[in-house]
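Chains as they are written, first to last, in the UniProt record's numbering: chain E, 1 to 347; chain P, 1 to 347.
Built from N, CA and C at the ideal position, the CB exists for glycine as well.
Below: the structure, in structure tokens.
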């Protein structure tokens, strides 16, 4: 587990390890007696069990999300009793994308379940940038709003960067503001908010007791929503991280050497079992709709990983749906609660 | 050069490549007829020449630094003629470290050579945080100061993060402010300043016409000054980047697969030729003092890479001293000039 440099001795110089900050550990991470798994997962072909064929642990996100929601709800009750206030989340939705509406619906429903107050402003597809900034601005200055989400993607005529810059970093529960991203990248600093998707990824790994420190991790994709920030967060947990993207040559070769594979590509089944080292741990962040005439809706949701193939090879994998997704939503609740706690000085 | 996903077809989804922002290209990068090299370097064992044995190109930084200084000086003359102002750099030095004093001396001398005005405040080893913040604050509000450097490391009792946060992002010519780091990490955004060390690394690669896009790059070390920010910048240039650190197992194996190796470790000779793929390109950012009874000063400066071994294997390598170092200093001048241009609206 301890890397090369530690064995070198100091030779009169401080090694990096001397200045390493502790990795983030989620305040929601449970003690070791938490189910669903009791057995630490060592993501390696030299792993603890040696049995990889058809013995993959399915890392469901549902029990984790349920547990986090219960904890968030309990904290909200405690806060309400102490300071007489509830956390508030504001959502801005521009235009008529079906998928965005569906995501917003899921988020609002989850807020309702745990006791977070919500406001939603829906703006027409052709709304001006100034109008959108006005709306964000009013939420920035509203003391009952502790988290602001501008649902992405925005219509083409609106400048996403400008809008995200405009969200107060203190209410940026998505964690997309460059100040939060910079503080995530820089060891020794604490971002106010960790983006929900990478936070969910790490939470899954920690809860299923997957060793991260010193492991070779490959993150396929580099979106700010998931890939980039997951690379940064895994690095804070002292994994050796390689980030793959559309210009990468032979991604399957690089991925095949990884103990931990995180996929954020958005292409169904791109990661086949020939991409995976036996015993690897796979977190599939893809959410892709594929046609399925057997489904009542005519389509089904699938990840980036050939799940049926992969489970024969890996030591653990998240399913899609039901893996990362539910945990991401619960992290949004958790970030909103944290923000409200900060606003009211409640601990 | 074009990666896997491009060959997949779109399957009705936008591929990453569709949304890739252009990589940074330094405004100082010269046209193709610039010497020192006319031949593109393809960093691979399948490279253009096929000759790697003893045929390494030595990527000297001196001619590049000289060229950048000439250009910066010419721009400063032009600005002075147009708006009657010079760029100003302020340096804050706390305590009595010999190495810090030497670095500051080099920076001030270089400023003087190109026509940048400098101010330096030296504070005692035991100065209070409030006093240091006062000094930074006065530079923040001084319109003749366009760049502020707080020389690192600071004495232990001072909080580096707080101080760096206090430097105005508009004058953060070191590029260490989390807002600049976040904008460096996020594609599609432009940081006000790219930190000097990674900017120098990329400048060297570009000037020696090393292909970066799609290449496997390994960055050994993750300091904000060099390693972390170089990883982020190489990724913006569409390299596939793996970041190694003190917890990495078998760093030599991972490094051996890299087309481009950047070392920011601070341990002399840690990277031997058995760490390097034949034909790789090596940028050595280490600056280490080692005892040398044959040197008049009793020590000499060396990098992280076993240079004598490496030149027999690699296709190109930066020497230490005389490689990255001089270019880093010239990038500080360039960042300060850019800042002054922005302040005066001069283009």
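(request) Pull up the CB-CB distance for residue 275 of chain E and residue 302 of chain E, whole angstroms please, since I reckon it's below 8 Å. (result) Not confirmed; about 16 Å, so no contact.
(request) Using three-state DSSP, classify residue 209 of chain E as helix, strand or coil. (result) Of the three classes helix, strand and coil, the one that applies to residue 209 of chain E here is coil, per DSSP.
(message) Determine whether the beta carbon atoms of residue 147 of chain P and residue 171 of chain P lie at a separation below 9 Å.
(response) With contacts defined by Cβ atoms closer than 9 Å, residue 147 of chain P and residue 171 of chain P form a contacting pair.
(request) Assign residue 70 of chain P to buried or exposed, taking buried as 16 or more other Cβ atoms, counted over all protein chains shown, within 10 Å of its Cβ. (result) Around the beta carbon of residue 70 of chain P, fewer than 16 other beta carbons lie within 10 angstroms, which makes this residue exposed.
(message) By DSSP's criteria, residue 199 of chain E is part of a beta bridge. Which residues make up the other side?
(response) In the DSSP output, where bridge partners are listed per residue, residue 199 of chain E has none listed.
(request) Measure from the alpha carbon of residue 112 of chain E to the alpha carbon of each residue in E:343, E:261, E:265 and E:72, then state which is nearest. (result) Of the candidates E:343, E:261, E:265 and E:72, E:72 places its Cα closest to the Cα of residue 112 of chain E.
(request) Please name the residue in E:104, E:139 and E:227 whose C-alpha comes closest to that of residue 265 of chain E. (result) Of the listed residues, the one whose Cα sits closest to residue 265 of chain E is E:227.
(request) Following the continuous beta strand (DSSP E) through residue 243 of chain P, name the residue where it begins and the one where it ends. (result) Secondary structure note for residue 243 of chain P: its beta strand (DSSP E) is the uninterrupted segment 240-244.
(request) For chain P, find out if any of its Cβ atoms is closer than 9 Å to the Cβ of residue 332 of chain E; answer yes or no. (result) It does not; no Cβ of chain P falls within 9 Å.
(request) Tell me where the alpha helix (DSSP H) around residue 98 of chain E begins and ends. (result) Annotation: the continuous alpha helix (DSSP H) that includes residue 98 of chain E extends over 98-114.
(message) Which of the three DSSP states is assigned to residue 252 of chain E in this structure?
(response) The answer is helix: DSSP assigns residue 252 of chain E an H, G or I state.
(message) Which of the three DSSP states is assigned to residue 190 of chain P in this structure?
(response) DSSP places residue 190 of chain P in coil when its eight states are reduced to three.
(request) State the DSSP-derived secondary structure class of residue 289 of chain P, mapped to helix, strand or coil. (result) Correct three-state label for residue 289 of chain P: strand.
(request) Taking only beta carbons into account, state which residues of the segment 186-208 of chain P come closer than 8 Å to chain E, listed in chain order. (result) Result list: 186, 187, 188 and 189.
(request) List the residues of chain P that residue 309 of chain E touches, going by C-beta distances under 9 Å, in chain order. (result) Chain-order list of chain P residues neighbouring residue 309 of chain E: empty, with the shortest C-beta distance near 17 Å, by a criterion of under 9 Å.
(request) Just mark residue 96 of chain E as buried or exposed, buried being the case when its beta carbon has 16 or more other beta carbons within 10 Å. (result) It is exposed - the Cβ of residue 96 of chain E has fewer than 16 other Cβ atoms within 10 Å.
(request) Give the C-beta separation of residue 116 of chain P and residue 76 of chain P to the nearest angstrom, bearing in mind that I take them to be a contact with Cβ-Cβ under 8 Å. (result) About 7 Å separates the two Cβ atoms, so the contact holds.
(request) Look at the alpha carbon of residue 232 of chain E and the alpha carbon of residue 184 of chain E, and state the distance between them as a whole number of angstroms. (result) A straight-line Cα-Cα distance of about 7 Å links residue 232 of chain E and residue 184 of chain E.
(message) Among the candidates E:294, E:289, E:312 and E:342, whose CA atom is the shortest distance from the CA of residue 320 of chain E?
(response) Distance from the Cα of residue 320 of chain E is smallest, within the candidate group E:294, E:289, E:312 and E:342, for E:289.
(message) Given a cut-off of 9 Å on the beta-carbon distance, is the pair residue 240 of chain E and residue 249 of chain P in contact?
(response) Closer than 9 Å, so yes.
(request) Taking 9 Å as the cut-off, decide whether the C-beta atoms of residue 251 of chain P and residue 229 of chain P are in contact. (result) Taking 9 Å as the cut-off, the beta carbon of residue 251 of chain P is found no closer than this to the beta carbon of residue 229 of chain P.
(message) Between the segment 56-63 of chain P and the segment 309-320 of chain P, can you find at least three pairs of beta-carbon atoms closer than 8 Å?
(response) As far as the Cβ criterion goes, the segment 309-320 of chain P touches the segment 56-63 of chain P, which means the pair count is three or higher.
(message) Does chain P have any CB closer than 9 Å to the CB of residue 247 of chain E?
(response) Answer yes: the Cβ-Cβ gap between residue 247 of chain E and chain P drops below 9 Å somewhere.
(request) Can you check DSSP and say which residues form a bridge with residue 308 of chain E? (result) DSSP output for residue 308 of chain E lists no bridge partner at all.
(request) Would you list, in chain order, the members of the segment 144-173 of chain P that have their beta-carbon closer than 7 Å to a beta-carbon of chain B? (result) The question asks about chain B, but that chain is absent: this structure's protein chains are E and P.
(request) Look up residue 125 of chain P in the DSSP assignment and say whether it is helix, strand or coil. (result) If DSSP states are grouped into helix, strand and coil, residue 125 of chain P belongs with coil.
(request) List the DSSP bridge partners of residue 264 of chain P. (result) Answer is none; residue 264 of chain P lacks a bridge partner.
(request) Evaluate contact between the segment 335-345 of chain P and the segment 189-206 of chain P, counting only Cβ atoms and requiring at least three cross-stretch pairs below 8 Å. (result) The segment 335-345 of chain P makes contact with the segment 189-206 of chain P: 3 or more CB pairs, one atom from each, lie closer than 8 Å.
(request) State the start and end residues of the unbroken alpha helix (DSSP H) segment that holds residue 70 of chain P. (result) Counted as a single uninterrupted DSSP element, the alpha helix (DSSP H) harbouring residue 70 of chain P occupies residues 62-83.
(request) In the DSSP assignment, find the beta strand (DSSP E) that holds residue 345 of chain P and state where it starts and stops. (result) If you look at residue 345 of chain P, you'll find it isn't in any beta strand (DSSP E); DSSP assigns it neither H nor E.
(message) On the DSSP letters alone, give me the boundaries of the beta strand (DSSP E) that residue 147 of chain P sits inside.
(response) Start and end: 147-150.
(message) Quick check on the DSSP output: the beta strand (DSSP E) that includes residue 220 of chain P runs from which residue to which?
(response) DSSP places residue 220 of chain P inside the beta strand (DSSP E), whose first and last residues are 216-220.
(message) Residues in the same chain with beta-carbon distance under 6 Å from residue 123 of chain P, minus the five sequence neighbours each way, listed in chain order, please.
(response) These residues qualify, in order along the chain: 94.
(request) Compare the C-beta of residue 293 of chain E with all C-beta atoms of chain P and state if any pair is closer than 9 Å. (result) No, residue 293 of chain E lies away from the interface with chain P (no Cβ there is under 9 Å from its Cβ).
(message) Strictly by DSSP, which residues pair up with residue 93 of chain E?
(response) Among the bridge pairs identified by DSSP, residue 93 of chain E is matched with E:122.
(message) On the CB-based measure, 16 or more other CB atoms within 10 Å of its CB, does residue 215 of chain E come out buried or exposed?
(response) Around the CB of residue 215 of chain E, 16 or more other CB atoms lie within 10 Å, so the residue is classed as buried.
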